Amino acid sequence: MSQLQQLRKGSTPLLILSVLADEKMYGYQIMRELEQRSEGYFTMTAALLYPALHQLEKDGLLESEWEESPGKRRRKYYSITNQGKKALAGTRADWQTFMTNLFKTLQPTGKVKEDSL
Amino acid sequence: MTPDEYLRSLKDQLNAFPPRERAELLEEIASHFESGEEDPHMGREPEERRQKTLAEMGSPEQLGQGLKKVHHPDGWIDYLLVIGPILLDMAVVYSLHLADPAGSQAFRIGFGLACLCLVLIGLRRHSNLLVLTWIEIFATWVISLLASLGQFLVPKVILDPADLRYTMVFTSPDALQVRWFRGLPAGEGIFWLIMFAGAIYLLGWIIWRNRRDWLIVSYALLELIALAGSYAVPLLLHQAGWDKMIEGVKFRSFPAMMVWMDLPILFTLLGFVMWGMLFIAYKRPLRWAALAGYALSAGLQAGVYMYRPSVYALPEYFQLLLLPLAIVVVGWSLERSKKRPSPVIA
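From first to last, the protein sequence lines stand for chains A and B.
Quick note on numbering: the working numbering labels position 82 of the first sequence as 82, and the sequence is numbered without any gaps.
Quick note on numbering: the working numbering labels position 176 of the second sequence as 293, and the sequence is numbered without any gaps.
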């Protein structure tokens, strides 16, 4: 698995919690919302999404309920718990710190150019 | 592949789940297909939408594996891999009580290697509980074996010929002296020590890998802390001698203690049931309750087994009885008090 893939996989729970921060959604809806928010960058297969949802529910960060709709199959809606909100806030802050410092470090300093002159 | 074929294939993948859970999982995925087929953004024609939805699913094998990794529906197999060999061990110990003592070395080697095989099976099955259980049975067994042999930790062995727990495998205390105290080939002792070091390394590695999972950490530490406690309590409180430490060494292995024949059957059964719940239960609170029940039964067994007014004063006795439960309560409290649970997918 490439580093980028690992990074994406590692960020899956954060992405799911972010999407569910405002409203409850069912699995398919979460997939579409992720895709839309990231303008197609974060696409996720159901094989990755559903185990992640179930793991988050098992960890107490999400909860779910079945909802019936007339003439259709019932759907399982996921919503974030208070524990999940805390986790999201903390992890979001961690990622922001990480990304800020990563970009700072990645910025070219011009030092190499000066030395080569 | 059609959605129906996908669901059929997924159903095969989920055959280890209880029927109700499996039906719910399949219903969730079926409703995913339905949502995709109704979504106008997926294409104009129903067939186009169906194919696009299918393409986004990932394989049924991947999905099934992912769900199994989360829910561990076959925890009962792990439980059988713990309880089966222990019951078999009980039967062997009973039969050896009547058998020729020359068979003891074969039993010793067989037991040690069986423990290691079960550790490997646990690793293959990605079951932390199974690996931890057999590592700890093995580690405490090696400690007690080498302590009994006088080659590790203790300079001598105090024998109690009147006590069936020592003599049940042998015909007489003399045979015990010869076979256990001086009878172990040096190569075999070194072999068990190397295996012991490997087991402790593996134990540390599993604890480190699961450091955010207090349930696993508590289970892993339960015996190690109890083992250390059994040394520390008599030493710190009464400056007990080596003989009391041997008592501690010999009787600290909680899973192994369940095999002893003279424990009250009620505590043993309680331990077996709680152990089973720990392995099989889905819900985390239930698993914590099972671990607490297991620790309590282990403490009760330890308490009943070790209760000797001549060796342990009442306060020590209660500490030994409640120590396992205290470890679980601390683990549970730490999990509850986590300020910021980390969403991690193993």
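Each residue gets a CB set at the ideal place from its N, CA and C atoms; glycine is no exception.
Bear in mind that the values here come from a model prediction, so they are computed numbers and not experimental data.
- The beta carbon of B/L124 does not come within 7 Å of any beta carbon belonging to chain A, so the residue lies off that interface.
- In the DSSP annotation of this structure, A/S69 is not part of any beta strand (DSSP E), being labelled neither H nor E.
- Against chain B, the beta carbon of A/A46 has neighbours under 8 Å at I146, H149, E173, M174, G175, L180, listed in chain order.
- Residue contact with chain B for A/Y41: absent (no Cβ-Cβ distance below 7 Å to any residue of chain B).
- Only buried fits B/S244, as 16 or more other CB atoms lie within 10 angstroms of its CB.
- Residues of the stretch 383-412 of chain B whose Cβ lies closer than 9 Å to any Cβ of chain A, in chain order: Y399, K400, R401.
- Per DSSP, A/Y41 is not a residue of any beta strand (DSSP E), being assigned neither H nor E.
- Here A/K9 carries a helix assignment [DSSP, helix/strand/coil].
- For B/S152, at least one C-beta of chain A is nearer than 7 Å to its own C-beta.
- At least one CB atom of chain A sits nearer than 7 Å to the CB of B/L184.
- Around the beta carbon of B/P135, a 10 Å sphere encloses fewer than 16 other beta carbons of the protein chains shown; the residue is thus reported as exposed.
- Distance from the Cα of B/L131 is smallest, within the candidate group B/L143, B/D121, B/E122, for B/L143.
- B/V187 belongs to the set of residues whose beta carbon lies under 7 Å from a beta carbon in chain A.
- For the pair B/D191 and B/A133, the CB atoms are nearer than the 7 Å cut-off.
- For A/R37, the uninterrupted alpha helix (DSSP H) segment begins and ends at 27-37.
- Following the DSSP letters along the chain, one finds B/K169 inside the alpha helix (DSSP H) bounded by residues 163-172.
- Checking the DSSP bridge columns, you'll see B/L246 has no partner listed.
- The three-state secondary structure of B/L184, taken from DSSP, is helix.
- Taking a contact as a CB-CB distance under 8 Å, the pair B/P402 and B/L339 does not count as one, their CB atoms being some 18 Å apart.
- Excluding its 5 nearest sequence neighbours in each direction, A/E33 has C-beta neighbours in its own chain below 7 Å: V19, M25, listed in chain order.
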